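A.B. asks: Per my numbering, numbering through the sequence shown is continuous, rising by one, with the last residue being 575.
Glycine residues also receive a C-beta, built at the ideal position from the N, C-alpha and C atoms.
Predicted, not measured: the structure shown is a model, and the values here were computed from it.
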Amino acid sequence: MAKTKTRWICQQCGFQANGFLGRCTECGSWGSLVEELVGEAAGAAAQTVLSRSHASFGKSGRGQEGERAPAMPLSEIEASDSQRMPTGLAGVDEVLGGGLVPGSVVLLAGDPGIGKSTLLLQVARHLSKGSTLLYVAGEESAHQVRLRAERLGVSSNNILVDAGQNVVSIAQTMMSGGARVTIVDSIQSVFHPEVESAPGSVSQVRESAQALIAAAKEHGIATILVGHVTKEGAIAGPRVLEHMVDVVIHFEGDRARELRILRGVKNRFGATHEIAVFSMTDKGLQEVDNPSALFLGDRLNHLGKKQSPPGTAVIAGGEGRRSLLLEVQALVSNTAFSNARRVANGFDYNRLLQIIAVLEKKAGLFLSHCDVYVNVVGGMEFTDPSGDLGIAVAIGTSLLDRSIDPGLLFLGEIGLTGEVRPVKAVLQRLKEAQKLGFKRAIVPKANLPLDGNLDPMEVVGVETLTDALAQAIPGFETAKKRAPSASGEKKQYGGSDEAMNTVKSLRLDSPTPGRRSSPDMSERFALSFR
Numbered sequence: 046m047a048k049t050k051t052r053w054i055c056q057q058c059g060f061q062a063n064g065f066l067g068r069c070t071e072c073g074s075w076g077s078l079v080e081e082l083v084g085e086a087a088g089a090a091a092q093t094v095l096s097r098s099h100a101s102f103g104k105s106g107r108g109q110e111g112e113r114a115p116a117m118p119l120s121e122i123e124a125s126d127s128q129r130m131p132t133g134l135a136g137v138d139e140v141l142g143g144g145l146v147p148g149s150v151v152l153l154a155g156d157p158g159i160g161k162s163t164l165l166l167q168v169a170r171h172l173s174k175g176s177t178l179l180y181v182a183g184e185e186s187a188h189q190v191r192l193r194a195e196r197l198g199v200s201s202n203n204i205l206v207d208a209g210q211n212v213v214s215i216a217q218t219m220m221s222g223g224a225r226v227t228i229v230d231s232i233q234s235v236f237h238p239e240v241e242s243a244p245g246s247v248s249q250v251r252e253s254a255q256a257l258i259a260a261a262k263e264h265g266i267a268t269i270l271v272g273h274v275t276k277e278g279a280i281a282g283p284r285v286l287e288h289m290v291d292v293v294i295h296f297e298g299d300r301a302r303e304l305r306i307l308r309g310v311k312n313r314f315g316a317t318h319e320i321a322v323f324s325m326t327d328k329g330l331q332e333v334d335n336p337s338a339l340f341l342g343d344r345l346n347h348l349g350k351k352q353s354p355p356g357t358a359v360i361a362g363g364e365g366r367r368s369l370l371l372e373v374q375a376l377v378s379n380t381a382f383s384n385a386r387r388v389a390n391g392f393d394y395n396r397l398l399q400i401i402a403v404l405e406k407k408a409g410l411f412l413s414h415c416d417v418y419v420n421v422v423g424g425m426e427f428t429d430p431s432g433d434l435g436i437a438v439a440i441g442t443s444l445l446d447r448s449i450d451p452g453l454l455f456l457g458e459i460g461l462t463g464e465v466r467p468v469k470a471v472l473q474r475l476k477e478a479q480k481l482g483f484k485r486a487i488v489p490k491a492n493l494p495l496d497g498n499l500d501p502m503e504v505v506g507v508e509t510l511t512d513a514l515a516q517a518i519p520g521f522e523t524a525k526k527r528a529p530s531a532s533g534e535k536k537q538y539g540g541s542d543e544a545m546n547t548v549k550s551l552r553l554d555s556p557t558p559g560r561r562s563s564p565d566m567s568e569r570f571a572l573s574f575r
């Protein structure tokens, strides 16, 4: 009998150590190493599945058991004539690059309760038309799947439900049932019997995925694996899982809202970073045809009618071939602490600090004594540098308490020297804004001229952040002179007299036992406002 070995395996990256380590030396995570039993058969998990496949079905695309297909010149390899399989949801097909490729393996990851199983059942309804689909419910019973399918209106004799968790049995069903598509919900719930560790561990996830991928490639079965995520939002399990599969898709959204976003991260058969927007209803997921109008909301009704409130601006982001218009809101308020707060929701925090620094140094808007809050409306995560200019304008209008035209769009990356740098896909984003009724846009001058007709939209090119603020904010120079200055001659706190009265009101007339009031310290605190 083979001797069983014990290894300490990091649950974040899959690093193996012979003994316990408080901190993983590979990825740096603390408390992530778990003791697991590693048998000699663990590495032969996929080979076990293929061996049984060859024994049951004989010759396959890779030859008889034990045979190895000879190496061939690239030009002599026959191109596959198999067509992509549409999923029935146009947004999902766009993220996949045109549909499911036979033999491909897709990893779909998302937070608990975000709607992964609901999305896959809707996809299964279309994919099961004219062919067999295997749905492996490792986290539910077959009866529970039936109840959810009835709620979504999914009913088909071509959908085979398997509530088992043994990956060897699942692979046998894949290869013997004649299924063109297999959905495994989820990869963390299945296990390989020859791996001596609990389901969901690094070893089990790696070997189970390897076995399913081997079966999918061997018989040309399109396979979708559902993956869990950690509390930090990363896909649970070893990092190698994302390298093994062909496509990685994230399903994002806030469970408190109806909006869901399907985002492509990796795709061997199409473009990456494509997105699809859905709305969660009682009948399942409904695709949003015009997400920009959904994100902007009532702002579109105010175009050409009234000024937008201070602290708001519209930016445009490029997600794959799709352009999205988003509203960004900023709030600048007086701070009650020695260190001002900066809060960013939906936007990179470090980039916000950079924008604030450039506003102070190059535009003369001093924010050192102000709290700054920035929020991208709609719960969208915005990572495109082209939103720098719009966020800077929103912060400036909130500080100066000035309104701007609601039909004004901002595009541009802000450099550390205060210049507005060019961005990509400007014409595509401006056309999207033109469809929604925007009449004016401020873009980097380096992106002009544009090859396209945008009439009646007026496109203004700027070179510096100061030029952009002057174009966007009416009376910018006059308003800037009235704003708080670095010398502190006039503060929004109400002046030095008011500050002194505030300090006196906070001073304790009867000090607590063991503690003395300090008039000198209070006086110095008040002097800091002068």
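(1) Answer with buried or exposed for R366, where buried requires no fewer than 16 other C-beta atoms within 10 angstroms of its C-beta.
(2) Given this structure, state the Cα-to-Cα distance separating E80 from F65, to the nearest angstrom.
(3) Using the C-alpha atoms, what's the distance from T163 back to E578?
(4) Roughly how far, in whole angstroms, is the beta-carbon of D230 from the beta-carbon of V181, given that I think they are within contact range, below 8 Å?
(5) Can you give me the start and stop residues for the alpha helix (DSSP H) that E503 sits inside?
(6) Over what stretch of residues does the beta strand (DSSP E) that includes P489 continue unbroken?
(7) Is DSSP giving H318 helix, strand or coil here?
(8) Distance check for L481 and W75, CA to CA, integer angstroms please.
(9) Quick one: using the 10 Å Cβ neighbour count with 16 as the cut-off for buried, is Q57 buried or exposed?
(10) Taking the alpha carbon of W53 as the reference point, which residue from S246, R344 and K525 has its own alpha carbon closest?
(11) For the beta strand (DSSP E) that contains F296, what are its first and last residues?
(12) In chain order, what residues of the same chain lie with their CB nearer than 6 Å to the CB of E319, ignoring the 5 residues before and after it?
(13) What residues are listed by DSSP as bridge partners for T380?
(14) Which residues in the same chain have their Cβ closer than 7 Å to the Cβ of V403, if we skip the five residues on either side of it in sequence?
(15) Classify A361 as buried or exposed, calling it buried when 16 or more other Cβ atoms lie within 10 Å of its own Cβ.
(16) I'd like the span of the beta strand (DSSP E) that includes G155, first residue to last.
(17) Are the beta-carbon atoms belonging to L205 and A187 less than 8 Å from one another?
(18) Consult DSSP for N492 and reduce its assignment to one of helix, strand or coil.
(19) Any contact between the region 144-164 and the region 289-296? By contact I mean 3 or more CB pairs, one from each, below 8 Å.
(20) Looking at C-beta atoms only, is the number of pairs between the region 483-494 and the region 326-341 that lie closer than 8 Å three or more?
(21) Measure from the alpha carbon of M425 to the alpha carbon of each residue in K328, L371, F455 and S248, then state which is nearest.
(22) Using beta-carbon positions only, say whether F427 and F392 come within less than 8 Å of one another.
(23) In the DSSP assignment, find the alpha helix (DSSP H) that holds F521 and state where it starts and stops.
(24) Quick check: what's the CA-CA separation for A515 versus P355?
(25) Check whether the region 317-332 touches the region 408-418, counting contact only when three or more Cβ pairs, one atom from each stretch, lie closer than 8 Å.
C.D. replies: Let me spell this out:
(1) For the purposes of this step, residue 366 is taken as the residue at position 321 of the sequence shown. Answer is exposed; the Cβ neighbour count stays below 16.
(2) Taking the first residue of the sequence shown as 1, we reach residue 80 at position 35. Taking the first residue of the sequence shown as 1, we reach residue 65 at position 20. Their Cα atoms are separated by approximately 8 Å.
(3) In the structure displayed, the chain extends from 46 to 575; residue 578 sits before or after that span and is not available.
(4) By one-based count along the sequence shown, residue 230 stands at place 185. By one-based count along the sequence shown, residue 181 stands at place 136. Their Cβ separation, rounded to whole angstroms, is 7 Å, which keeps D230 and V181 in contact under 8 Å.
(5) For the purposes of this step, residue 503 is identified with residue 458 of the sequence shown, where counting begins at 1. Unbroken run through E503 is the beta strand (DSSP E), E503 to V507; no alpha helix (DSSP H).
(6) Here the question's residue 489 lines up with position 444 in the sequence shown. Note, P489: beta strand (DSSP E), R485 to P489.
(7) Locating residue 318 in the sequence shown gives position 273, where the first residue counts as 1. Looking at H318 - three-state DSSP - the assignment turns out to be coil, as it is neither helix nor strand.
(8) Residue mapping note: residue 75 aligns to position 30 of the sequence shown, counting from 1. Residue mapping note: residue 481 aligns to position 436 of the sequence shown, counting from 1. Going from the Cα of W75 to the Cα of L481 covers about 49 Å.
(9) As a position in the sequence shown, residue 57 is number 12, starting the count at 1. The residue is buried, with at least 16 neighbouring Cβ atoms inside 10 Å.
(10) Here residue 53 refers to the residue found at position 8 of the sequence shown. The shortest Cα separation from W53 among S246, R344 and K525 belongs to S246.
(11) As a first step, residue 296 is located in the sequence shown; it is residue number 251 there, counting from the start. Its beta strand (DSSP E) spans residues V292 to G298.
(12) In the sequence shown, counting from the first residue as 1, residue 319 sits at position 274. Answer for E319: E139, V140, G309 and G365, listed in chain order.
(13) Residue mapping note: residue 380 aligns to position 335 of the sequence shown, counting from 1. Answer is none; T380 lacks a bridge partner.
(14) Locating residue 403 in the sequence shown gives position 358, where the first residue counts as 1. Contacts found: I459, L461, G463 and L510.
(15) Numbered from its first residue, the sequence shown carries residue 361 at position 316. The residue in question, A361, is buried, as its Cβ has 16 or more Cβ neighbours within 10 Å.
(16) What you label residue 155 is simply residue 110 of the sequence shown in a count that begins at 1. Its beta strand (DSSP E) spans residues V150 to G155.
(17) Position 160 of the sequence shown, counted from the first residue, corresponds to residue 205. Position 142 of the sequence shown, counted from the first residue, corresponds to residue 187. It is not a contact, given that the beta carbons lie outside the stated cut-off.
(18) Within the sequence shown, residue 492 is the residue found at index 447, counting from 1. In this structure, N492 counts as helix in the three-state DSSP scheme.
(19) yes
(20) no
(21) Position 380 of the sequence shown, counting from 1, holds the residue named residue 425. The shortest Cα separation from M425 among K328, L371, F455 and S248 belongs to L371.
(22) For the purposes of this step, residue 427 is taken as residue 382 along the sequence shown, with counting starting at 1. For the purposes of this step, residue 392 is taken as residue 347 along the sequence shown, with counting starting at 1. Yes, they are a contact pair.
(23) Start at 1 with the first residue of the sequence shown, and residue 521 comes out as number 476. In the DSSP assignment, F521 falls within the alpha helix (DSSP H) that extends over F521 to R527.
(24) What you label residue 515 is simply residue 470 of the sequence shown in a count that begins at 1. What you label residue 355 is simply residue 310 of the sequence shown in a count that begins at 1. The alpha-carbon atoms of A515 and P355 are separated by roughly 15 Å.
(25) The region 317-332 is not in contact with the region 408-418.
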